[in-house]
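Chemist: Numbering (the numbering used here), first residue to last: 431 to 708.
Where a beta carbon is used, it is the ideal one built from N, C-alpha and C, also for glycine.
The structure under discussion is supplied below as structure tokens; questions concerning it will follow.
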């Protein structure tokens with residue numbers, strides 16, 4: 431029986447909030463209610479929800495970019511939350527994140543090749559004499575020429591920068607890739623290219639992927655299972671034994687109706703009367 435590569439158990443997170451008046455006590459603002467789910471090896475799991483639904487907070491807790499208040503993040507049977515910073519540093523490379531804004535994720539003063547090399551050297555994944563060749567391989571994997579290593583991030587388009595961010599995540603040789611709204615800031619045509627790239631990398635590298643976004647139809651296309659989040663809570667999981675068309679929660683159905691599917695667009699176009707010819 432295949433075991434999950436990742437098991438999230440009761441993970442929650444709150445942030446401090448201070449009142450407007452000095453005498454008000456500092457209170458905790460819950461951003462994520464206890465969340466639990468599993469990720470299988472090689473699986474693409476979708477997480478969908480509007481802004482403020484808690485999906486990014488959940489992603490940051492999974493990657494231990496922030497420590498959850500409660501719960502466990504079990505990676506290959508080991509609780510990452512229980513590790514101290516030194517122990518966690520050795521394992522952090524296994525779970526890498528690609529964020530929404532590719533330009534903000536890249537150091538504008540660092541050439542692309544140096545940014546990729548830095549990851550490999552920090553995690554001791556390549557000897558210095560082999561780094562240049564490995565950088566060229568990573569750029570080729572994401573569809574960029576090797577000469578891109580000599581340029582700064584400002585020289586690239588948004589879609590190309592996101593490819594660079596993906597290459598930098600791959601430089602750590604991760605087992606799990608968290609894609610946190612990686613296409614929401616890109617043009618529609620570029621979105622398709624990045625999505626297809628992630629699918630290809632999953633197949634070639636046998637990655638487990640958590641894809642986060644707000645477009646339910648896109649995520650349903652990518653992921654056999656989709657977690658739906660609202661106000662910091664997981665309200666429903668669709669896919670697998672529960673197809674998306676059988677979603678029960680009103681919020682899930684509202685998300686389905688918010689973005690027109692290809693079928694709805696085609697039906698609307700076919701029902702629109704043609705303009706009379708002149």
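Given 6 Å as the limit, tell me if residue 495 has its C-beta closer than that to any heavy atom belonging to the ligand GTP.
Modeler: Among the components modelled here there is no ligand, and therefore nothing to report on the ligand GTP.
Chemist: Kindly indicate which three-state DSSP category residue 541 falls into: helix, strand or coil?
Modeler: Looking at residue 541 - three-state DSSP - the assignment turns out to be coil, as it is neither helix nor strand.
Chemist: Considering only residues of the region 503-542, which uninterrupted alpha helix (DSSP H) runs meet the minimum length of 4 residues and lie entirely inside it, listed in chain order?
Modeler: List check, alpha helix (DSSP H) in window: 515-521, 532-535.
Chemist: For residue 550, which three-state DSSP category applies?
Modeler: Note: residue 550 maps to helix in three-state DSSP.
Chemist: In angstroms with no decimal places, state the Cα-to-Cα distance between residue 600 and residue 608.
Modeler: Their backbone Cα atoms lie some 11 Å apart in a straight line.
Chemist: Could you tell me whether the region 467-486 touches the region 509-516, using the rule of 3 or more Cβ pairs below 8 Å?
Modeler: The region 467-486 vs the region 509-516: no contact.
Chemist: Should the region 527-535 be regarded as contacting the region 612-620, the criterion being three or more beta carbon pairs within less than 8 Å?
Modeler: Short answer: they touch.
Chemist: Given residue 437, which residues of its chain have a CB within under 6 Å of its CB, disregarding the five upstream and five downstream residues?
Modeler: Excluding sequence neighbours, residue 437 sits near 468, 504.
Chemist: For residue 659, which of helix, strand or coil comes out of DSSP?
Modeler: Strand, per DSSP.
Chemist: If distances are taken between C-alpha atoms only, which option among 517, 666, 490, 463 comes closest to residue 500?
Modeler: The residue with the shortest Cα to Cα distance from residue 500 is 463.
Chemist: If I measure Cβ to Cβ from residue 584 and keep anything under 7 Å in the same chain, skipping five residues before and after, which residues do I get?
Modeler: Only 538 meet the Cβ criterion.
Chemist: Determine the direct distance from the alpha carbon of residue 640 to that of residue 650, and round the result to whole angstroms.
Modeler: Taking the straight line joining both Cα atoms gives about 12 Å.
Chemist: Could you give the residue range of the beta strand (DSSP E) that holds residue 444?
Modeler: 436-447 is the extent of the beta strand (DSSP E) around residue 444.
Chemist: Roughly how many whole angstroms lie between the Cα atoms of residue 569 and residue 648?
Modeler: The alpha-carbon atoms of residue 569 and residue 648 are separated by roughly 26 Å.
Chemist: Which complete alpha helix (DSSP H) runs does the region 581-636 hold, if anything under 4 residues is left out?
Modeler: Those alpha helix (DSSP H) runs which fall completely within the region 581-636 and span 4+ residues are 588-601, 618-635.
Chemist: Do residue 525 and residue 653 come within 7 Å of each other at the CB atom, strictly closer than that value?
Modeler: No.
Chemist: Return yes when the Cβ of residue 589 is within less than 7 Å of the Cβ of residue 620, no when it is not.
Modeler: Yes.
Chemist: Is it true that the CB of residue 678 sits closer than 7 Å to the CB of residue 669?
Modeler: Not in contact: residue 669 and residue 678 (Cβ atoms no closer than 7 Å).
Chemist: Starting from residue 492, trace the alpha helix (DSSP H) in both directions and tell me its first and last residue.
Modeler: Run containing residue 492: 485-492, per the alpha helix (DSSP H) assignment.
Chemist: Take residue 659 and list the residues in its own chain whose beta-carbon comes closer than 6 Å to its own, dropping the five residues that flank it on each side.
Modeler: So the qualifying residues of the chain are 479, 483, 484, 485.
Chemist: For the alpha helix (DSSP H) containing residue 648, name the first residue and the last one.
Modeler: Element bounds for residue 648: 646-652.
Chemist: Quick check on residue 443: buried or exposed, where buried means 16 or more other Cβ atoms within 10 Å of its Cβ?
Modeler: Answer is buried; the Cβ neighbour count reaches 16.
Chemist: Looking at the strands, I want to know which residues DSSP matches up with residue 473.
Modeler: None, per the DSSP bridge assignment.
Chemist: Are the beta-carbon atoms belonging to residue 646 and residue 598 less than 7 Å from one another?
Modeler: Their beta carbons are not under 7 Å apart, which means residue 646 does not touch residue 598 by this criterion.
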